[in-house]
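Just so you know, the protein sequences line up as chains A and B, in that order. So that you can map any letter, position 63 of the first sequence is 102 in this note's numbering, and since no number is skipped, the others follow by simple counting. So that you can map any letter, position 80 of the second sequence is 1483 in this note's numbering, and since no number is skipped, the others follow by simple counting. Cβ coordinates follow ideal geometry from the N, Cα and C atoms, glycine included. All remarks here apply to the structure that follows.
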Amino acid sequence: MKTLNVLAVGAALAAVAAAPAQAGKTLDTIKQRGQLICGVSQATAGFSRPNNQGAWEGLDVDFCKAVAVAIFGDASKVRYVSTTSPQRFPALQSGEVDMLSRTTTATLTRDTVNGFNFAPVTFYDGQGFMVPKKLGVKSAKELNGATVCVSPGTTTELNLADYFRAQKMQFKPVVIEKVDEIRSAYFSGRCDVYTTDASGLASMRAVDAPVPDDHIILPEIISKEPLAPTVRHGDEEFADIVRWSVYATIEAEELGIGSTNLDQMLKSEDPGIKRFLGVTPGNGKALGIDEKFAYNIIKQVGNYGEIFERNVGKGTPLKLERGLNDLWTRGGLQYAQPFR
Amino acid sequence: MAVQYGGRPAQGARWRLSWNDRNVRAIVYQALALLAVLAGVWYFIDNTLDNLARLGLASGFGFMDREAAFPIGESLIDYTPADTYARALLVGIVNTLYVSAIGILLATVAGTIIGIARLSQNWLIAKLASVYVELMRNTPLLLQLFFWYMIFLELLPGARQALQPIPDVFLSNRGMRFPVPVAAQGWTLLLAGAVLGLVATMVTANWARRRQEATGQQFPIAWTGLGLIVGLGALGWLVGGAPTALDRPVMRGFNFAGGVEVSPEFVALLLGLVTYTAAFIAEIVRGGILAISQGQTEAAYALGLRRGMVLRLVILPQALRVIIPPMTSQYLNLTKNSSLAVAIGFPDLVHLANTAINQTGQAIEGIAIIMAVYLTISLSISLFMNWYNRRVALVER
């Protein structure tokens, strides 16, 4: 039961206490198990949510798949573990999951005292506010005295407090861990405002709202939320694989390689493409995985642009623009380090 | 050679360093058990430290002085996000104590009434009480909490269409708002007068009891007490200038301003805890009363006592001896169950400690604090109830 969070934290704690000491063997454990265990959200449309067949899908899920492809050459070798916001870090620290791909914001504290490393950002986001249209609110600056629904244990919760402090406004938080509960609290009118990452608001408005047009997302974006896959400190080998699996999807889009033209590209004479797809070996060996890992990722999951459009882009209920998540060559921030 | 079976060796029996010696065996077993426990403890501590070091996690309670930075919905003490984690956890402890104390009080009253009702000779009352007990005892508390919370969220209107059952009392899915008197000297004096009245009542009651024991004459202490408390309170209010100004709730912006608000989270938690625990307490009370032999009741009636007096003077004092020990565990349960507040968003200790754990990453310290606090609260309740139990225990004369 997710709501019995103290049990979860306690169990994670017991796991930290009881697991025999073992240094940096995440990759070995995963290979031995034959499966990657990936921590995802409870249900965020477009990012990670089970579809009507019960299979997980979304942008975050696709990066779990990319890592599984890099390790096993098979996107299906992932077990998804749904975690609440406060559960996710103990779950990762204790080894219950191998990595998180769960709309997690990279921050200094998490990178250091929490003991995590962040892979490259898979989604540049920012925190926004959603209000019912009938309140007639046009700007976040008019929210003085509002009751705000927010999930606990998030950067959102801290940004919210910071923003109202900076604006010298008052507010009353309603904080519930279970995402269904906090959403129904907002939709029933317990709160005037719901706040989370702008992408999450778009997802909630499009998919969860009884009538999407009854709610508007305010123009203010009050924070930077670089969402990135997260791994534990102390296992550089695995962290490298996660990092370069993410880069592979971005690099592929930069090189103009997609799942449709992938096999023609194998015949390309471009030395960069030959190295990237493993026609010229070297990259795979350096990472300790299959030389064709990038080829396999594009084949089975797609490049970054395809992942984005499939899950959150124009053709989906979320209807998000590429914006900051476009390639650097087109004015966005997505930029892969060189594959050499 | 005489073989000794069981019991201690006879006085002067010689100690022999042999496996056949009962004492030697006992000492060896105990030493082994102690060693196993110590080894287990050492294993866990060592592994924890090892794993923490491996994961590069910070440890220690240094985070308590850092700025918490997260907001808290309701607090009995002053709190802003600029306060420390220590302060935030204190808010949680106060909230836990607050809801537990009120919960215990209400559950005891409600449970006692329902327990007595279940023994009522009125068929309808007895059956209604039975249905209540069975319904509440046999459904999970978490479910009941969700039920009460959903009633607030789904059935009550939004703040702008708030119901107004009594003038100036507003009921909406934001909770209940009611007016409170504006602080004035008169109200302070009223309180002082009432307290004075209470003390006077206690003194009078003591005198009345002694007089009754000596002479058998009764004194209407209930009415006198009520008169003293109300009278002295009213006197204080009049002397203080008879203030009547009220701080009324007014709709302003998004929500009501003024008056006092009770949040739906708090009410749902309190209702859930009270109705659930009251069912158990009702059964304990009923069991306690049934444990008193029928002869006691018949004897009391034979003396000409009325039904209420039989219950108050004969049955309940004896039943209390049976009731107190199991009641203690219900009080402990209620206090510990209050941690289910997490599910419906009331900021109790567990809720806030969880948030702190998540923001700082220091799960071990956070859990240790939660455990220490609950242990302290529970032990305090136990100690108090044990003391009370000794007081009401049968004194043989």
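B/Pro1623 and A/Ala200 do not touch by the CB rule: their CB atoms are close to 58 Å apart, not below 8 Å.
Taking one beta carbon from each stretch, the region 322-333 of chain A and the region 278-296 of chain A have 3 or more pairs nearer than 8 Å; the two touch.
If you keep only unbroken beta strand (DSSP E) runs of at least 3 residues inside the region 154-186 of chain A, you get 155-157, 162-164 and 166-171. In the three-state scheme derived from DSSP, where H, G and I count as helix and E and B as strand, B/Gln1567 is classed as strand. For A/Tyr233, DSSP records a beta bridge to A/Met169 and A/Cys188. At a cut-off of 8 Å, the C-beta of A/Glu196 has a neighbouring C-beta in chain B. Restricting attention to A/Val108, A/Pro125, A/Thr143 and A/Gln132, the CA atom closest to the CA of A/Ser87 is found in A/Thr143.
With the rule of 3 Cβ pairs closer than 8 Å, the region 162-176 of chain A does not count as touching the region 1429-1442 of chain B. Annotated as distal: B/Asp1468 and B/Ala1491, with beta-carbon spacing of 8 Å or more. Counting along the chain, the unbroken alpha helix (DSSP H) around B/Ala1703 starts and ends at Gln1697 to Ala1705. Closest in C-alpha terms to A/Phe102, from the list A/Arg149, A/Ala205, A/Asn91 and A/Lys116, comes A/Lys116. Separation of the CB atoms of A/Phe203 and A/Leu257 is rounded to 14 Å, and the pair is thereby denied contact status at 8 Å. Around the CB of B/Arg1655, fewer than 16 other CB atoms lie within 10 Å, so the residue is classed as exposed. Taken in chain order, the unbroken stretches of alpha helix (DSSP H) that lie wholly in the region 1750-1797 of chain B and span 4 residues or more are 1752-1763 and 1766-1795. If you draw a straight line from the Cα of B/Gly1661 to the Cα of B/Gln1588, it is about 20 Å long. By the C-beta criterion, the region 1770-1780 of chain B is judged not to be in contact with the region 1511-1529 of chain B, since fewer than 3 inter-stretch pairs fall below 8 Å. Here B/Leu1743 is not near B/Thr1680, since their CB atoms are 8 Å or more apart.
Under a criterion of Cβ atoms nearer than 8 Å, no residue of chain B is adjacent to A/Arg222; the nearest Cβ is some 11 Å distant. Rounded to whole angstroms, A/Trp95 and A/Tyr119 show a C-alpha spacing of 8 Å. DSSP places A/Tyr119 inside the beta strand (DSSP E), whose first and last residues are Val117 to Ser121. Note that the region 1745-1762 of chain B touches the region 187-194 of chain A; at least 3 beta-carbon pairs, one per stretch, sit closer than 8 Å. Excluding five sequence positions before and after A/Tyr163, the CB atoms of its chain that fall closer than 7 Å to its own CB belong to Pro265, Leu363, Asn364 and Leu372, given in chain order. At a cut-off of 8 Å between beta carbons, A/Lys211 contacts chain B. At a C-beta separation below 8 Å, B/Ala1491 has no neighbours in chain A, since its nearest C-beta there lies roughly 11 Å away. With respect to B/Gly1578, B/Val1665 sits close: the two C-beta atoms are nearer than 8 Å. Its chain contains Leu305 as the residues whose beta carbon lies nearer than 7 Å to that of A/Val318, once the 5 sequence neighbours on both sides are disregarded; these appear in chain order. DSSP, reduced to helix, strand and coil, places A/Asp113 outside both helices and strands of the structure shown, so it counts as coil. Within chain B, the residues placing a beta-carbon under 7 Å from that of A/Thr186 are Arg1577, Phe1657 and Asn1658, ordered along the chain.
Taking one beta carbon from each stretch, the region 1670-1679 of chain B and the region 1597-1611 of chain B have fewer than 3 pairs nearer than 8 Å; the two do not touch.
Taking CB atoms only, A/Leu199 has a neighbour in chain B less than 8 Å away. Judged by DSSP in its simplified three-state form, A/Leu257 adopts coil rather than helix or strand.
Against chain B, the CB of A/Pro125 has a partner CB under 8 Å away; the residue lies at that interface. Sixteen is the threshold: when 16 or more other Cβ atoms of the shown chains lie within 10 Å of the Cβ of A/Val108, as they do, the residue is buried. Runs of alpha helix (DSSP H) with 4 or more residues, each lying fully within the region 293-322 of chain A, are found at 301-304 and 310-316, listed in chain order. Here B/Leu1441 is exposed: its Cβ has fewer than 16 other Cβ atoms, across all protein chains shown, within 10 Å.
The Cβ of A/Ile215 sits closer than 8 Å to at least one Cβ of chain B.
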